[in-house]
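Structure first, commentary second.
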Amino acid sequence: MKTKSGDFVLPGDILGVTEEFVPSEWTYEEEGKIKSLVVGTVSIDQKNKKISIVPKTGTPPALEVGKPIVGEITDVRGQRASVKINKIKGEDRDLVTSFVGGIHISQAQKGYLAKLTEAFRIGDIVQGNVTKVIGLDNVDLTTADDDMGVLKAMCTNCRHYMVKIGKNEVHCLNCDRKEKRKLSANYEG
Ligand SMILES: [Zn+2]
Numbered sequence: 007m008k009t010k011s012g013d014f015v016l017p018g019d020i021l022g023v024t025e026e027f028v029p030s031e032w033t034y035e036e037e038g039k040i041k042s043l044v045v046g047t048v049s050i051d052q053k054n055k056k057i058s059i060v061p062k063t064g065t066p067p068a069l070e071v072g073k074p075i076v077g078e079i080t081d082v083r084g085q086r087a088s089v090k091i092n093k094i095k096g097e098d099r100d101l102v103t104s105f106v107g108g109i110h111i112s113q114a115q116k117g118y119l120a121k122l123t124e125a126f127r128i129g130d131i132v133q134g135n136v137t138k139v140i141g142l143d144n145v146d147l148t149t150a151d152d153d154m155g156v157l158k159a160m161c162t163n164c165r166h167y168m169v170k171i172g173k174n175e176v177h178c179l180n181c182d183r184k185e186k187r188k189l190s191a192n193y194e195g
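Quick note on this note's numbering: the sequence shown kicks off at 7 and runs consecutively.
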């Protein structure tokens, strides 16, 4: 498959191979292939062998480093929590495509955290900052800042959302369970 300047592409579309081109703005590399991160048109710089995308204006917002996002914890395993990224904080429109991010245990909070399950649980809604966009399903996030972390905590016992009772503690009014979280200063319960 060959793309040329001006071609309309969607997130995940293959643009070329890394032997031929250098991935540039709004692209990412996966197994030797250069792919688009956004909806837009292809721009090829033949002289420098660079391939980039000009994002289509008026389309939903794209993910960028430094932008706060809101997502849902889908898995907490070992050193990494997985997050389905639903939207960029402060933007009404949803993302063009859903991204999958990860929070490494060292990025969850300031200071030492013994277990990642003391910061996040499946079903929690979190606010995080993007530190790196490697691909559609590979976005690095941090929740270390005070306003970052869990916005809504889901009880591991009965799946109800919980209320904040301490700096990093929540309580389930439905089943009386208490759990720990890395809570955002903007906790919504
Ligand atoms: Zn409960």
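Cβ atoms here follow ideal geometry from the backbone N, Cα and C, with glycine treated the same way.
| Item | Value |
| --- | --- |
| Only counting the same chain, and skipping five residues up and downstream in sequence, which positions put a Cβ closer than 8 Å to that of K138? | V71, V145, D146 |
| Does at least one heavy atom of ligand 1 sit under 7 Å from the Cβ of R187? | no |
| Are the beta-carbon atoms belonging to S190 and L157 less than 8 Å from one another? | yes |
| For the beta strand (DSSP E) holding A87, just list the boundary residues, first then last. | 86-94 |
| Which two residues bound the contiguous beta strand (DSSP E) that contains F105? | 105-110 |
| Exposed or buried, which one is T149 when buried takes at least 16 other CB atoms within 10 Å? | buried |
| Quick one: using the 10 Å Cβ neighbour count with 16 as the cut-off for buried, is F14 buried or exposed? | exposed |
| What is the rounded straight-line gap between the Cα of I59 and the Cα of I91? | 22 Å |
| Can you list the residues near ligand 1, meaning Cβ strictly closer than 6 Å to any non-hydrogen atom, in the order they appear in the chain? | C161, N163, C164, H166, C178, N180, C181, R183 |
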